[in-house]
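Notes to accompany the following structure.
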Amino acid sequence: MVFNSILFIFVFLPVSLLLYYVTPTRGKNLILALTGLVFYSWGTPEYIVLMLFSILFNYLAGLDIGRSKEKSQSRRAQVMLIASVAVNLLLLGFFKYWEFLLNNINGLLHTSFKSAELPMPIGISFYTFTILSYLFDVYHEKVSAQKNLIDLSAYVTFFPKLISGPIVEYNQMEPQLKKRHVDIVKFGEGARLLILGLGKKVILADNLNAAFIAVTGLDSVSVLSAWLGCILYTLLIYMDFSSYSDMAIGIAKMFGFEIEKNFDYPYCSKSITEFWRRWHISLGRWFRDYIYIPLGGNRCSTLTNIRNILIVWFLTGFWHGAAWNFIFWGLYYGALLLIEKFLMKDILSYIPSAVQHVFSVFLVMIGWVFFFSPSLSFAFSWIGMMFGIGAAGAVDTAALYYLAGNGLLMLISAIGCTPVAAKIGRRVLNIGKGGTIAGVLCSAAILLCSIAYMINATYSSFLYFKF
Amino acid sequence: MKRISDYWIPCVMGVLVILLIAFLVLLQSDGKISDTSIEDVSAAATDSLDMSAMQAADSNMIKRLYGLNPSEYEGIVLYYPVTNMDAQELLIVRMKDTSQQDTVAAAIESRLTAQKNSFEGYGVEQFELLSNSITEISGNYAFFIVHPDAKTVLANIRKVL
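Here the protein sequences come in this chain order: A and B. In terms of this note's numbering, the first sequence opens at residue 23 and continues consecutively. In terms of this note's numbering, the second sequence opens at residue 58 and continues consecutively.
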């Protein structure tokens with residue numbers, strides 16, 4: 023089930039909220055767990071088996087690790103951690119990486135191994151990382167093992183963040199599983215975020231996506247078309263993914279949970295290091311907490327630090343997709359971060375701020391080409407066309423047509439990538455009663471507009487679902 | 058007793074992993090995707106078969122008899138009875154993905170029921186043929202075989218998948 027569907031907005035969410043609020047406090051986590059399972063199993067009900075397995079298996083693993091730690095059996099805790107992490111990763115690998123592995127083996131050894139093209143369980147990368155965070159947190163004694171299976175189920179299957187994040191680490195959610203607070207103001211704030219996210223998705227992202235598909239589907243690509251495609255995708259991926267996070271955080275608030283923001287205007291960054299502090303924050307934190315720091319982080323020799331950074335960025339790329347272009351994309355950022363950290367550290371402060379902004383966004387845009395391309399060769403060919411190599415001229419009528427037709431959409435989206443709109447919104451809300459009424463009317467208008475789009479549009483998924 | 062209480066968790070986890078593997082094997086066998094073209098599958102099914110009681114169907118006939126739109130699938134081959142007094146039939150569907158399995162299964166079931174109703178009571182041989190028909194849905198292929206040599210046909214098909 024997706025957030026931007028009539029079924030979710032008008033049936034699933036209201037029913038879930040109603041059940042949640044009429045249920046006594048003791049039973050609320052059970053409602054969260056059950057609604058999460060229904061949400062997850064919609065469409066591919068057979069995969070509920072995987073979810074139930076993950077919950078039960080990791081519940082037991084957590085119990086055993088916790089018990090071993092209590093008895094100071096550190097060796098046993100370590101073995102259990104390694105075994106349970108291996109099972110989780112093998113499951114992820116089976117669905118996400120098996121075909122990639124076989125294709126590479128077939129290519130190298132000229133064999134013809136076949137894989138069953140099983141559909142990948144939606145959000146498997148996200149919920150696997152969610153579960154792993156629980157095991158790591160118990161092992162590192164940040165939290166005690168969860169003895170209540172229902173509470174752990176609620177953590178894993180909490181539907182706002184289940185299939186596309188933000189990846190909430192267990193240590194952040196554990197206190198909220200025990201006690202959380204919701205009042206009318208928090209509920210309203212959650213509803214406002216949900217509506218804004220919905221608007222970003224169906225009004226902006228879906229239309230950007232339509233333009234992007236049209237531009238990348240052109241028979242001949244001029245330099246302008248190539249840049250247009252790249253700019254459209256840059257705006258699209260932010261609008262699409264951040265809208266999901268907005269909605270997830272908003273819905274979580276409506277249930278009384280606080281989830282930290284996942285995006286902080288990443289295109290306003292002055293460096294790649296800053297960009298990754300602002301983009302998909304929860305994933306960056308996960309890799310920092312559970313991979314980078316345990317490897318030694320930066321408290322080690324320069325060579326080991328470089329190795330750690332490259333490992334993290336290889337894994338970040340590979341996490342996004344089982345294809346060489348994603349691995350290249352990850353290592354591209356690893357290399358850029360190393361250059362910034364070791365070569366540009368002293369130079370950056372002398373470069374004018376505006377130049378830093380422009381150059382960072384340029385590098386990010388080049389990165390997105392690797393991200394949206396079906397293969398590495400396509401990506402290099404597209405980048406070549408952006409600089410005139412292999413392009414059908416500098417400007418063509420198709421590019422001008424799509425630019426004229428989507429210019430306003432791109433401008434609005436670009437403004438949406440900055441804090442400007444949010445600042446104006448806050449100022450209006452602070453005016454007083456009139457501001458509040460204006461805010462409510464504005465949200466109502468966005469909601470109505472979004473519903474109109476949802477009724478007319480065919481099904482549209484989120485880009486990050488495939489990860 | 059102490060040993061049991063110490064190791065019951067890893068034991069249960071082991072059992073869960075075995076159950077998971079069984080589930081994955083089931084999913085795999087249910088969802089096996091074949092690269093073989095529908096022409097090759099059709100040839101394997103019909104090459105050594107007496108086809109005198111069947112004729113090839115066009116798209117309209119497939120829609121009429123099964124309610125399936127061939128343009129929505131990778132390919133559909135149907136041989137249907139030459140006369141209304143016969144029941145021999147061969148349907149081969151290559152699906153775009155396994156999500157189409159349910160639709161195809163329902164279409165075959167509906168056709169089989171309709172044919173059984175037609176012959177029940179007066180066409181003993183035809184009804185027996187329909188009762189012994191084979192419906193198999195495996196990965197991206199579906200087969201419905203109504204023929205005295207249905208088992209041989211299926212074996213020939215399996216060889217090329």
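We treat Cβ as the ideally placed atom computed from N, Cα and C, and that holds for glycine.
Using beta-carbon positions only, say whether Gln284 of chain A and His302 of chain A come within less than 8 Å of one another.
-> Indexing the first sequence from 1 puts residue 284 of chain A at position 262. Indexing the first sequence from 1 puts residue 302 of chain A at position 280. According to the sequence displayed, residue 284 of chain A carries Asn and not Gln. Yes. Within cutoff.
Gly132 of chain B - partner residues in DSSP beta bridges | Sequence index remark: in the second sequence, residue 132 of chain B carries index 75 (1-based). Its beta-bridge partners are B:Arg151.
Go ahead and pull the three-state DSSP assignment for Tyr1 of chain A.
-> Residue 1 of chain A lies beyond the stretch modelled for chain A, which goes from 23 to 489, so this question has no answer here.
Just the Cα atoms here: how many angstroms apart are Gly221 of chain A and Ile477 of chain A?
-> Taking the first residue of the first sequence as 1, we reach residue 221 of chain A at position 199. Taking the first residue of the first sequence as 1, we reach residue 477 of chain A at position 455. So the alpha carbons of these two residues sit roughly 14 Å apart.
Looking at chain B, which residues of the segment 73-89 of chain A have a Cβ within less than 7 Å of any of its Cβ atoms?
-> Close to chain B, meaning a Cβ-Cβ distance shorter than 7 Å, are the following residues of the segment 73-89 of chain A: Phe75, Leu78, Phe79, Leu82, Ala83, Leu85, Asp86.
Among A:Tyr156, A:Lys201, A:Leu157, the one whose alpha carbon lies nearest that of Thr47 of chain A = Within the first sequence, the letter at position 25 stands for residue 47 of chain A. Closest option to Thr47 of chain A, Cα to Cα, is A:Lys201.
To which residues of the same chain is Asn189 of chain B closer than 8 Å at the C-beta, ignoring the five residues directly before and after it?
-> Sequence index remark: in the second sequence, residue 189 of chain B carries index 132 (1-based). Cβ neighbours of Asn189 of chain B beyond the five flanking positions: Ala207.
At a Cβ cut of 8 Å, what residues of the segment 206-218 of chain B count as close to chain A, listed as they run along the chain?
-> none
Output, in chain order, the set of chain B residues within a Cβ distance shorter than 7 Å of Val109 of chain A.
-> Here residue 109 of chain A is taken as the residue at index 87 of the first sequence, counted from 1. The contact set of Val109 of chain A on chain B, defined by CB atoms closer than 7 Å, consists of Val74 in chain order.
Endpoints, the beta strand (DSSP E) within which Ser195 of chain B is located | Translated into the one-based positions of the second sequence, residue 195 of chain B becomes position 138. It spans 191-195 - the beta strand (DSSP E) in which Ser195 of chain B sits, taken as one unbroken run.
List the residues of chain B whose Cβ lies closer than 7 Å to the Cβ of Phe309 of chain A, in chain order.
-> As a working mapping, residue 309 of chain A is identified with position 287 in the first sequence. Residues of chain B passing the Cβ test: none, with the nearest at roughly 27 Å.
Around the C-beta of Cys322 of chain A, are 16 or more other C-beta atoms found within 10 angstroms, so that it is buried, or is it exposed?
-> Mapped onto the first sequence, residue 322 of chain A falls at position 300. Exposed, because fewer than 16 other Cβ atoms sit within 10 Å of the Cβ of Cys322 of chain A.
Pairwise C-alpha distance: Phe122 of chain A and Leu131 of chain A = Looking up residue 131 of chain A in the first sequence gives position 109. Looking up residue 122 of chain A in the first sequence gives position 100. If you take the alpha carbons of Leu131 of chain A and Phe122 of chain A, they lie about 14 Å apart.
What do you reckon, are the CB atoms on Leu218 of chain B and Thr93 of chain B nearer than 8 Å?
-> Mapped onto the second sequence, residue 218 of chain B falls at position 161. Mapped onto the second sequence, residue 93 of chain B falls at position 36. Yes.
Using the C-alpha atoms, what's the distance from Asn26 of chain A back to Tyr481 of chain A?
-> To locate residue 481 of chain A, count along the first sequence from 1; it is residue 459. To locate residue 26 of chain A, count along the first sequence from 1; it is residue 4. Because the pLDDT of Tyr481 of chain A is 45, which lies under 50, any placement of that residue in the model is unreliable, and the question is left without a value.
Does the beta-carbon of Leu325 of chain A have 16 or more other beta-carbons within 10 angstroms, so that it is buried, or is it exposed?
-> Counting from 1 along the first sequence, the entry for residue 325 of chain A is found at position 303. Leu325 of chain A should be labelled exposed.
Is the Cβ of Val71 of chain A closer than 8 Å to any Cβ of chain B?
-> For the purposes of this step, residue 71 of chain A is identified with residue 49 of the first sequence, where counting begins at 1. It does; some Cβ of chain B falls within 8 Å.
Taking Cβ-Cβ distances below 8 Å as the criterion, which residues of the segment 112-129 of chain A are in contact with chain B?
-> Taking 8 Å as the cut-off between beta carbons, the residues of the segment 112-129 of chain A near chain B are Leu113, Phe116, in sequence order.
Residues of chain A with CB under 9 Å from Ile66 of chain B, in chain order?
-> Start at 1 with the first residue of the second sequence, and residue 66 of chain B comes out as number 9. Per Cβ cutoff of 9 Å: Leu82, Ala83, Leu85, Asp86, Arg89, Met102.
Opening and closing residue of the alpha helix (DSSP H) in which Gln194 of chain A lies | On the first sequence, residue 194 of chain A is found 172 positions in, with the first residue counted as 1. Counting along the chain, the alpha helix (DSSP H) containing Gln194 of chain A begins and ends at 192-200.
For chain A, find out if any of its Cβ atoms is closer than 8 Å to the Cβ of Met70 of chain B; answer yes or no.
-> Here residue 70 of chain B corresponds to residue number 13 of the second sequence, with the count starting at 1. By this cut-off, Met70 of chain B is an interface position.
Excluding the five sequence neighbours on either side, which residues of its own chain have a C-beta within less than 6 Å of the C-beta of Pro441 of chain A, listed in chain order?
-> Here residue 441 of chain A corresponds to residue number 419 of the first sequence, with the count starting at 1. So the qualifying residues of the chain are Tyr287.
Indicate the three-state DSSP secondary structure (helix, strand or coil) for Ala207 of chain B in the structure shown.
-> The residue labelled residue 207 of chain B in the question sits at position 150 within the second sequence. Helix.
Return the Cβ separation of Phe393 of chain A and Trp351 of chain A in integer angstroms, given the expectation that the two are a contact with Cβ distance under 8 Å.
-> For the purposes of this step, residue 393 of chain A is taken as residue 371 along the first sequence, with counting starting at 1. For the purposes of this step, residue 351 of chain A is taken as residue 329 along the first sequence, with counting starting at 1. Indeed they touch by this definition, with Cβ atoms about 5 Å apart.
CB-CB under 8 Å to Thr133 of chain A, same chain, minus the five flanking residues each way: which ones, in chain order?
-> Working through the first sequence from its first residue, we reach residue 133 of chain A at position 111. These residues qualify, in order along the chain: Ile127.
Residue ranges of each beta strand (DSSP E) within the segment 370-422 of chain A, 3 or longer | none
Closest Cα partner of Gly71 of chain B within the set A:Ser106, A:Ser175, A:Leu40 = Mapped onto the second sequence, residue 71 of chain B falls at position 14. Of the candidates A:Ser106, A:Ser175, A:Leu40, the one whose C-alpha sits nearest the C-alpha of Gly71 of chain B is A:Ser106.
For the beta strand (DSSP E) containing Met111 of chain B, list its first residue and its last residue.
-> Walking along the second sequence from the start, residue 111 of chain B turns up at place 54. From DSSP, the beta strand (DSSP E) with Met111 of chain B extends over 111-113.
Kindly indicate if chain A contains any beta-carbon less than 8 Å away from that of Leu122 of chain B.
-> As a first step, residue 122 of chain B is located in the second sequence; it is residue number 65 there, counting from the start. It does not; no Cβ of chain A falls within 8 Å.
Mark Phe151 of chain A as exposed unless 16 or more other C-beta atoms lie within 10 angstroms of its C-beta, in which case mark it buried.
-> For this step, residue 151 of chain A is matched to residue 129 along the first sequence. The residue in question, Phe151 of chain A, is buried, as its Cβ has 16 or more Cβ neighbours within 10 Å.
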